[in-house]
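Rendered as structure tokens:
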């Protein structure tokens, strides 16, 4: 009942005239928010300016560090001739395909391991070892097996996220509060209903965090794959740039990756808010 | 007399690698239709095991259970509301599982929510409700499948004292008004005496029936609510007797 009263109080408060202290409090909260945002932007501007000035006054060797101005010019050039989008598109498609393949396979295997508990116990040591193995070490083999191109890169991207997805979700599935399952059993639920009505929905937060991690892992796989084989993509640009000592190109690739990472982060956060309302 | 449930010489053993535990030994009782029975006993004596056996969640090692029921409702210590479902959907859970989520039953759940003061909270999530309201929502979820036997496993012990009295009182009245048959396991003697028609006392593990009390508040007649019971002379007498039977020794 207590919580209920509090809710009511909050509701009436917004309708009533807000007291001066409350106004002051709200203002100070707002001011702090603006302050933090301003400092964040200033750090970025400061860093970029420092980099540009050091380059112009030859304090650093632009052959090794490039400069914001040069990167900007290169981006403009790449945007104008459309090649930036070509590379971006190639990498994005590979990442998306790898992410989907890894995540869906991971979820399905985790469900299988929950369903057949003995299988889970049998496979446990293999999963633990596979998980601690650096998957990028397998990339050359995977690419040889799956193909020197799109498929190979996608499989590499998927393989990096699949084991950790299985491990995280199968732990999550197993740690559902037992009484929540017993409750369903008292209603006469079968195993599929238990999976559908409690095991999966109670793991929504876990699934969301797996998705967030897997987007990043898929990018790692794609970049590694593109380093090894490929004629296009951001990874290809970076590798090509470094081999021909065009640091502007390398830096541009990294910059584009940072922008994409930021966009994906906000997208994942938005998705999480949409899916998890409680 | 029509019996809803008859337990005959039930025993239960639990096995682990290191040992075998006798939880229950030779317990027999009958529950009449419309009767509210409490099982009281020392903690860890196997009271909850009896409910699990009645609900069909566990098999007894010996003896048999005769049930004359269509469906059984189970209430837990914690409300076990699913935090990702709103209150209405939580209350529909049992009906959904049993494929009875018809429009008619949806209306019925809405009516029950209204009756128990939860209508305005039907679209809220459990985390937005107080402990007492959550336990009431759990009761609606249990009653929605129209059980003819209700099993309550220390249903109020996770609530704070005042809420516990209030919700206990409320649930006790509802059980009596709806003429429910119920078996409640508790270690709270006043709760058992105030709510039930009969109190069965279990011994230490392995649990056997030590004694049985018919709880009768003649002076209250029709006005028997758990709260009123607590104010009578007889209430204190029952309490003292049962407390004596439990023979509490601090270990």
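Residue numbers (my numbering), protein chains in the order written: chain A, -1 to 276; chain B, 20 to 270. Even for Gly, the Cβ is constructed at its ideal location relative to N, Cα and C.
From the DSSP output, which residues share a beta bridge with residue i?
i, result
"residue 259 of chain B", "For residue 259 of chain B, which the question treats as bridged, DSSP gives no partner whatsoever."
"residue 172 of chain B", "B:204"
"residue 217 of chain B", "B:56, B:233"
"residue 92 of chain B", "B:169"
"residue 49 of chain B", "B:25"
"residue 274 of chain A", "Paired residue(s): none; residue 274 of chain A is not in a bridge."
"residue 41 of chain B", "B:32"
"residue 83 of chain B", "B:27"
"residue 228 of chain B", "B:221"
Let me see if you follow: with CB-CB separation under 9 Å, is residue i close to chain A or not?
i, result
"residue 145 of chain B", "yes"
"residue 30 of chain B", "no"
"residue 262 of chain B", "no"
"residue 134 of chain B", "no"
"residue 232 of chain B", "no"
"residue 221 of chain B", "no"
"residue 66 of chain B", "no"
"residue 95 of chain B", "yes"
"residue 104 of chain B", "yes"
"residue 191 of chain B", "no"
"residue 253 of chain B", "no"
"residue 201 of chain B", "no"
"residue 76 of chain B", "yes"
"residue 112 of chain B", "yes"
"residue 99 of chain B", "yes"
"residue 92 of chain B", "yes"
"residue 154 of chain B", "no"
Answer with yes or no whether the minimum CB distance from residue i to chain B is below 9 Å.
i, result
"residue 109 of chain A", "no"
"residue 185 of chain A", "yes"
"residue 171 of chain A", "no"
"residue 205 of chain A", "no"
"residue 105 of chain A", "no"
"residue 196 of chain A", "yes"
"residue 276 of chain A", "yes"
"residue 199 of chain A", "yes"
"residue 271 of chain A", "no"
"residue 75 of chain A", "no"
"residue 191 of chain A", "yes"
"residue 178 of chain A", "yes"
"residue 202 of chain A", "yes"
"residue 78 of chain A", "no"
"residue 181 of chain A", "yes"
"residue 230 of chain A", "no"
"residue 115 of chain A", "no"
Pick out whichever of the options has its Cα sitting closest to the Cα of residue i.
i, options, result
"residue 174 of chain A", "B:99, B:49, B:88, B:21", "B:99"
"residue 137 of chain A", "A:226, A:185, A:237", "A:226"
"residue 141 of chain A", "A:154, A:45, A:107, A:135", "A:154"
"residue 232 of chain B", "B:258, B:242, B:133", "B:258"
"residue 184 of chain B", "B:151, B:161, B:216", "B:151"
"residue 82 of chain B", "B:43, B:67, B:179, B:228", "B:43"
"residue 243 of chain B", "B:229, B:256, B:193, B:202", "B:193"
"residue 170 of chain B", "B:123, B:191, B:122, B:94", "B:94"
"residue 249 of chain A", "A:272, A:15, A:72, A:214", "A:72"
"residue 216 of chain B", "B:191, B:177, B:56, B:36", "B:56"
"residue 232 of chain A", "A:259, A:209, A:211", "A:259"
"residue 100 of chain A", "A:219, A:275, A:120, A:261", "A:219"
"residue 76 of chain A", "A:135, A:254, A:191, A:156", "A:254"
Return the chain-ordered list of same chain residues with a C-beta closer than 6 Å to the C-beta of residue i, the five sequence neighbours on each side being excluded.
i, result
"residue 234 of chain A", "224, 228"
"residue 188 of chain B", "245, 246"
"residue 182 of chain B", "150, 151"
"residue 40 of chain B", "33"
"residue 239 of chain A", "247, 248"
"residue 1 of chain A", "Its pLDDT being 43, under 50, residue 1 of chain A is placed unreliably by the model, and the measurement read from it follows with that caveat. Closer than 6 Å at the Cβ level, and outside the excluded window around residue 1 of chain A, lies no residue."
"residue 220 of chain B", "59, 229, 230, 264"
What does a CB cutoff of less than 8 Å around residue i pick up in its chain, not counting 5 residues either side in sequence?
i, result
"residue 254 of chain B", "209, 212, 213, 236, 248"
"residue 147 of chain A", "227, 228"
"residue 198 of chain B", "53"
"residue 88 of chain B", "23, 24, 166, 167, 168"
"residue 5 of chain A", "Low confidence applies here, because residue 5 of chain A scores a pLDDT of 44, under 50, leaving its location unreliable; read the following figure in that light. Counting only Cβ-Cβ distances below 8 Å, and skipping sequence neighbours, we find nothing."
"residue 16 of chain A", "24"
Please return the same chain residues whose Cβ sits closer than 7 Å to the Cβ of residue i, not counting the five positions on each side in sequence.
i, result
"residue 143 of chain B", "105, 106"
"residue 217 of chain A", "93"
"residue 62 of chain A", "245"
"residue 230 of chain A", "84, 85, 88"
Does the ligand NAP have even one heavy atom less than 8 Å from the beta-carbon of residue i?
i, result
"residue 186 of chain B", "Ligands are entirely absent from the displayed structure, and the ligand NAP is therefore not among its contents."
Checklist entry - If we count Cβ pairs, one from each stretch, closer than 8 Å, do we get three or more for the segment 45 to 62 of chain B versus the segment 103 to 113 of chain B? => result no
Checklist entry - Does the segment 175 to 186 of chain A come close enough to the segment 67 to 78 of chain B that 3 or more CB-CB pairs lie under 8 Å? => result yes
Checklist entry - Would the segment 111 to 126 of chain A and the segment 156 to 167 of chain A be scored as touching if the rule is three or more Cβ pairs under 8 Å? => result yes
Next on the checklist: Taking 8 Å as the cut-off, does the segment 154 to 164 of chain B touch the segment 131 to 142 of chain B (at least 3 CB pairs, one atom from each stretch)?
Outcome noted: yes
Item to check | Contact between the segment 51 to 61 of chain A and the segment 184 to 198 of chain A (3+ Cβ pairs under 8 Å) | outcome: no
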